[in-house]
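S.K.: Sending over a structure as structure tokens; questions will come in a sec.
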Amino acid sequence: MSAVKRVERLAVAIVLLIVAGVPAAVFSYQAMRGPGTRADEVFVVARTVERGGFSPARIVVKQGQRVRLRILAEDVTHGFQLLHFGADAGAIKTGTTKVVEFTAGKTGEFPFYCSVRCSALHMALMGTLIVEP
Amino acid sequence: MKRRVAALAGVLLALGVASVALAGFVHPRGGRDVEVRLMAGKFAFDPPRLTVEAGDRVTFRIRSRDVTHGFAVEGTGIETTVLPGREARVTVPAAHAGKLRYRCSVVCGPLHPFMVGEIVVRPNPWPLGAGALALAVGFLASAGGLAATRRWDLTRSRALRWLLAWRPLQFALVAPNLAVFTLIVVAGLAGTSTGATNFSTIFVWLVWWGLLVLVLIPLGGRLWCAMCPLPAPAEWIARGAIVEHRVRGFGLGRAWPKALQNIWPAFGALFLLVLFGIVITTRPLVTALLLAGFAVAALGIHLVFDRRAFCRYVCPVGALVGVYANVSPLELRARDLDVCRRCREKACFRGGDAYPCPTFQFPGGGLQRNTYCLLCTECVKACPYDNVAVRVRSFAADLGVSRGRRMDEAWLTLLLLGTALAHSVVKLGPWGTVKSWANFERPTDFALYSALFAGVTLVALPALHLGTAWLSRALARTPGFKLSRLFVDYAYALLPVSLGAWMAFTLAVVAPNLSYVPRVLSDPLGWGWDLFGTRETTWTWMPVAALPWLQLGLVLAGLWGSVRAARAIVAEVIAEPRARRRALLPLTLLLVAIAWAFVTLYFG
Ligand code: SF4
Ligand code: SF4
Ligand SMILES: [Cu+2]
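Protein sequence lines, in the order shown, are assigned to chains A and F.
This note's numbering puts the first residue of the first sequence at 2, with every later residue one more than the last.
This note's numbering puts the first residue of the second sequence at 52, with every later residue one more than the last.
Pasting the structure below:
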């Protein structure tokens, strides 16, 4: 009898571990990992405007800071251009990431764009880099 | 007569082999430089098909209509990226006669994995050669004696007997699948909506479906149902136990309504599933909701009704696996029916030290076909005389069993065959219009597609099948036979060739898309993770050159099995040998035509 109960209890524990553990593992890994793969990196997801555009669409940095952006093209191939600082990632194929690096030399608000046609609203796919003094 | 058949088959065989083999040696008549403007757009190339001569060099000037696409020729290293607003140029030598396929190689949206185009290189030997081959195989299979089914009892092995009787076995099979299922639901609900980079779509429709059709069904029949996680929680709650045997659980244990004690509910569910197949298989969210929906439906049904009623009557996958399980070489049967006759407990059916059969099968009562046996091994555990055996036997042995053939199974078989054909056209074919209809881009187009789909699977194919039965009856001069009975009986002969076609189809879907598997393992939700460093595995080219031969082999093997089954089925109703041969002829021709249609669709 007790052996039976032990097996059942073990099975229940395994089931609960799976059903609760898998989602918990997924979300805690994502939380732990933080927004970027590196501490000094800003992780930007590029989606078509219909699906929400750049996220984040506003990036705030300090003047003189070395900025490192990792851009993931989530749904189709996108591009990334921030011409004021000479950053151009070229085409970023779906599901892959590319990194741009530059120094935020001057203060102000600078737009960045997608440079590869990605949907009918491609021209509207943009975001802003804010460099604070 | 027999000699004549053999001679005819020999000639056809030689013709088929010669025409296919010769194509490699035919002196190229081409040698031209052909230039083609190709427009790439979601989710097809325009023109979708191009015909050139062997020896030509085709230069594609490719532009994109919408987003970034790719262009990669299967079985070669030729690949390029097509950025919008820029022309890509690529030259493809059309060295050998046959069909060259190219596909999009940059994920461009949901239907991206099915964005393909074709170059037909003349003189293409496939349509004719494959036709001759199919005819030859058909005639050969329809002649000669029928070999008796052979069986090997696997449960003579002590270790296996112990394993099958081990109570936690089923749980041990289900648990890993439950973990994968949970991740599928989480990824589908929370992960990226790009199907090609989400664990849920890739693991369900590439990995699971691939393993199911290419390995589990052809070798193990309904083995999947023994490890399926969808109805497991429902069954555990209804039984009040996960591993152990409990007499009273929490299910109400009502009887399933009499009128629905068949697989018509599963037929309906399967029809919807395959009709919306293009949408479902490319959308992570839909995939997750569908699977979760199955689990919830199973829970509701199992709490109210007795045993695994969901699996027995409702589950579309169960019905699909069930009918094809008759082709598989694995069976669970009573070892010695004399023992069963003397047995008073009938524990395999009524339960005893283990649960009664969850699908109301009765091994001791002469269970003879695999359709509804889930291989859950409860009866092995229940039988007090150790009289339940698991055996390996010749393929398709159940198709000759006349007892228990049913109209619902026959219709399901026809639906499956029609679906294999329809999905081959939509998913593997180069025609973008059909793809966008099936993709539910506009409701009116989808309505048209539904009508076409239903027309093929529910009207045209059954009508063709009925016509064959009628012709067969007329040729055999046996007007007394009921046509509806022949319709049902003959349907079972379709199973091997349609399974072969599904395998050929699945191979062509899975093989070129395999590189997504390491990607989604490393980044299951498309959130930019890189667990194993394989998130950017690029297009790896499988030895796709062997693919057509494999596909041809599968379809022809299926054809062989089908014609053999047809022989056995005809032989059991018609005694007179000449009438038998005449009755078999239309059926053989139908089966040959089916096999030929698939091969021509793939390579013609
Ligand atoms: S019938 Fe369906 S739900 Fe039941 S075990 Fe088989 S596949 Fe799973
Ligand atoms: S016949 Fe035996 S193995 Fe098959 S479903 Fe019934 S109890 Fe399970
Ligand atoms: Cu594409």
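Just so you know, even glycine gets a beta-carbon here, dropped at the ideal spot from N, CA and C.
All of these numbers come straight from a predicted model, not from anything done at the bench.
1) Put phenylalanine 28 (chain A) into one of helix, strand or coil per three-state DSSP.
2) Please specify which runs of the alpha helix (DSSP H), each continuous and at least 4 residues long, are wholly inside the region 492–522 of chain F, giving them in chain order.
3) Do three or more CB pairs link the region 262–269 of chain F to the region 342–359 of chain F at distances below 8 Å?
4) Given a threshold of 16 other Cβ atoms within 10 Å of its Cβ, counted over all protein chains shown, does leucine 636 (chain F) qualify as buried or as exposed?
5) With distances taken Cα to Cα, identify the nearest neighbour of phenylalanine 413 (chain F) among F:Arg420, F:Cys399, F:Gly403, F:Asn421.
6) What residues from chain A crowd round alanine 292 (chain F), counting only those whose CB sits closer than 8 Å?
7) Mind checking the region 105–138 of chain F against chain A and listing, in chain order, the residues whose C-beta falls within less than 9 Å of any C-beta there?
8) Sorry if obvious, but does the Cβ on histidine 163 (chain F) come closer than 7 Å to a heavy atom of ligand 3?
9) Near glycine 469 (chain F), what residues of its chain come up, given a Cβ to Cβ distance below 7 Å and the 5 sequence neighbours on each side ignored?
10) In chain F, what lies closer than 7 Å to phenylalanine 44 (chain A) by C-beta?
11) Can you find the residues in the same chain that come closer than 8 Å, C-beta to C-beta, to tryptophan 482 (chain F), ignoring five residues on each side of it along the sequence?
12) Distance, Cα to Cα, proline 24 (chain A) vs leucine 499 (chain F)?
13) For a contact meaning CB atoms closer than 8 Å, what does proline 134 (chain A) contact in chain F?
14) Looking only at its chain, what residues have a beta carbon closer than 7 Å to the beta carbon of histidine 1 (chain A), apart from the 5 residues adjacent to it on each side?
15) Please determine, among F:Leu336, F:Thr332, F:Arg395, F:Val614, the residue with the shortest C-alpha to C-alpha distance to serine 549 (chain F).
16) Can you grab the Cα-Cα spacing for the pair leucine 324 (chain F) / arginine 392 (chain F), in whole Å?
17) Please list, in chain order, the chain A residues whose beta carbon lies closer than 8 Å to that of leucine 229 (chain F).
18) Distance check for leucine 605 (chain F) and arginine 36 (chain F), CA to CA, integer angstroms please.
19) Shorter than 7 Å, the distance from the beta carbon of cysteine 119 (chain A) to the closest heavy atom of ligand 3, or not?
20) So, helix, strand or coil for leucine 73 (chain A), using DSSP?
21) Of all the residues that make up the region 86–111 of chain A, which are near chain F by a beta-carbon distance shorter than 8 Å?
22) Compare the C-alpha of valine 298 (chain F) against each of F:Gly168, F:Pro407, F:Gly82 and name the closest.
23) Is the closest heavy atom of ligand 2 to the C-beta of glutamine 31 (chain A) under 7 Å?
24) When DSSP labels each residue in this structure, what does proline 130 (chain A) get in the three-state scheme?
25) Which first and last residues belong to the beta strand (DSSP E) in which leucine 381 (chain F) is found?
26) Going by alpha carbons, who is nearest to leucine 205 (chain F) out of F:Ala405, F:Val560, F:Arg384, F:Leu472?
27) Against chain F, does serine 120 (chain A) count as a neighbour if the rule is that its beta carbon must be under 8 Å from one of theirs?
28) Could you name the residues of the region 211–229 of chain F whose beta carbon sits closer than 8 Å to any beta carbon of chain B, in the order they occur along the chain?
29) Starting from the beta carbon of alanine 12 (chain A), find every residue of chain F whose beta carbon is closer than 8 Å, and list them in chain order.
30) Leaving out five residues before and five after leucine 257 (chain F) in sequence, what residues of the same chain have Cβ atoms less than 8 Å from its Cβ?
31) My output table needs one value for methionine 166 (chain F): the three-state DSSP class, helix, strand or coil.
32) Kindly list, in the order they appear in chain A, the residues whose Cβ is closer than 8 Å to that of cysteine 159 (chain F).
33) Determine the closest residue to valine 643 (chain F) out of F:Arg108, F:Gly189, F:Val171, with distance taken between C-alpha atoms.
34) Which residues mark the beginning and the end of the beta strand (DSSP E) in which proline 407 (chain F) is found?
35) CA-CA distance, arginine 334 (chain F) and arginine 493 (chain F)?
36) For valine 298 (chain F), return the contacting residues in chain A, with the cut-off set at a CB-CB distance below 9 Å.
M.R.: Taking the definition as stated:
1) By 1-based counting over the first sequence, the position of residue 28 (chain A) is 27. Helix.
2) 494–505
3) no
4) Reading the second sequence from its first residue, position 585 is the one you call residue 636 (chain F). By the 10 Å Cβ count, leucine 636 (chain F) comes out buried.
5) Working through the second sequence from its first residue, we reach residue 413 (chain F) at position 362. Among F:Arg420, F:Cys399, F:Gly403, F:Asn421, the Cα nearest to that of phenylalanine 413 (chain F) belongs to F:Cys399.
6) Within the second sequence, residue 292 (chain F) is the residue found at index 241, counting from 1. Those are Glu9, listed as they occur along chain A.
7) Ser115, Asp117, Val118, Thr119, His120, Gly121, Thr132, Leu134, Pro135, Gly136
8) The residue labelled residue 163 (chain F) in the question sits at position 112 within the second sequence. Within the cutoff, so yes.
9) Against the second sequence, residue 469 (chain F) aligns to sequence position 418. Answer for glycine 469 (chain F): Val507, Thr508, Leu512, listed in chain order.
10) Working through the first sequence from its first residue, we reach residue 44 (chain A) at position 43. Near phenylalanine 44 (chain A) (Cβ distances below 7 Å), the residues of chain F are Gly579.
11) Taking the second sequence and counting its residues from 1, the one referred to as residue 482 (chain F) is at position 431. Within the same chain, tryptophan 482 (chain F) has close Cβ partners Ala95, Pro99, Val476.
12) As a first step, residue 24 (chain A) must be located in the first sequence, where it is residue number 23. As a first step, residue 499 (chain F) must be located in the second sequence, where it is residue number 448. Near 41 Å, if we compare the C-alpha coordinates of leucine 499 (chain F) and proline 24 (chain A).
13) Start at 1 with the first residue of the first sequence, and residue 134 (chain A) comes out as number 133. Ordered by position in chain F, no residue passes the 8 Å Cβ test against proline 134 (chain A), which lies about 31 Å from the chain.
14) Limits of chain A in this structure are 2 at one end and 134 at the other, which puts residue 1 (chain A) out of reach.
15) In the second sequence, counting from the first residue as 1, residue 549 (chain F) sits at position 498. Nearest option by C-alpha distance: F:Val614.
16) In the second sequence, the residue the question calls residue 324 (chain F) occupies position 273. In the second sequence, the residue the question calls residue 392 (chain F) occupies position 341. Straight-line Cα distance between these residues: approximately 42 Å.
17) Reading the second sequence from its first residue, position 178 is the one you call residue 229 (chain F). Correct list: Val16, Ile19, Val20.
18) Here chain F covers residues 52 to 655 and nothing more, so residue 36 (chain F) does not appear.
19) Along the first sequence, one-based indexing puts residue 119 (chain A) at 118. No - ligand 3 has no heavy atom lying nearer than 7 Å to the Cβ of cysteine 119 (chain A).
20) For the purposes of this step, residue 73 (chain A) is taken as the residue at position 72 of the first sequence. Of the three classes helix, strand and coil, the one that applies to leucine 73 (chain A) here is strand, per DSSP.
21) Ala92, Lys94, Thr95, Gly96, Thr97, Thr98
22) As a first step, residue 298 (chain F) must be located in the second sequence, where it is residue number 247. For the residues F:Gly168, F:Pro407, F:Gly82, the minimum Cα distance to valine 298 (chain F) belongs to F:Pro407.
23) What you label residue 31 (chain A) is simply residue 30 of the first sequence in a count that begins at 1. No, Cβ of glutamine 31 (chain A) sits at least 7 Å from all heavy atoms of ligand 2.
24) For the purposes of this step, residue 130 (chain A) is taken as residue 129 along the first sequence, with counting starting at 1. Note on residue identity: the sequence assigns leucine, not proline, to residue 130 (chain A). Correct three-state label for leucine 130 (chain A): strand.
25) The count along the second sequence starts at 1 and reaches residue 381 (chain F) at position 330. 381–385 is the extent of the beta strand (DSSP E) around leucine 381 (chain F).
26) By one-based count along the second sequence, residue 205 (chain F) stands at place 154. Closest option to leucine 205 (chain F), Cα to Cα, is F:Arg384.
27) Here the question's residue 120 (chain A) lines up with position 119 in the first sequence. Yes, serine 120 (chain A) counts as interfacial toward chain F.
28) No chain B is present in this structure, whose protein chains are A and F.
29) Taking the first residue of the first sequence as 1, we reach residue 12 (chain A) at position 11. Pro219, Phe222, Ile293, Val294, listed in chain order.
30) Counted from its first residue, the second sequence places residue 257 (chain F) at position 206. Val560, Val561, Asn564, Leu565, Tyr567, Val568, listed in sequence order.
31) Your numbering for residue 166 (chain F) matches position 115 in the second sequence. Reduced to three states, the DSSP call for methionine 166 (chain F) is coil.
32) Counted from its first residue, the second sequence places residue 159 (chain F) at position 108. Correct list: Val77, Thr78, Thr95.
33) Taking the first residue of the second sequence as position 1, residue 643 (chain F) is located at position 592. Residue F:Gly189 is the option with its Cα nearest to valine 643 (chain F).
34) Taking the second sequence and counting its residues from 1, the one referred to as residue 407 (chain F) is at position 356. No beta strand (DSSP E) holds proline 407 (chain F); DSSP gives it neither H nor E.
35) As a position in the second sequence, residue 334 (chain F) is number 283, starting the count at 1. As a position in the second sequence, residue 493 (chain F) is number 442, starting the count at 1. Between arginine 334 (chain F) and arginine 493 (chain F), the C-alpha separation is close to 17 Å.
36) Indexing the second sequence from 1 puts residue 298 (chain F) at position 247. What valine 298 (chain F) touches in chain A: nothing, since even the nearest Cβ is about 13 Å away.
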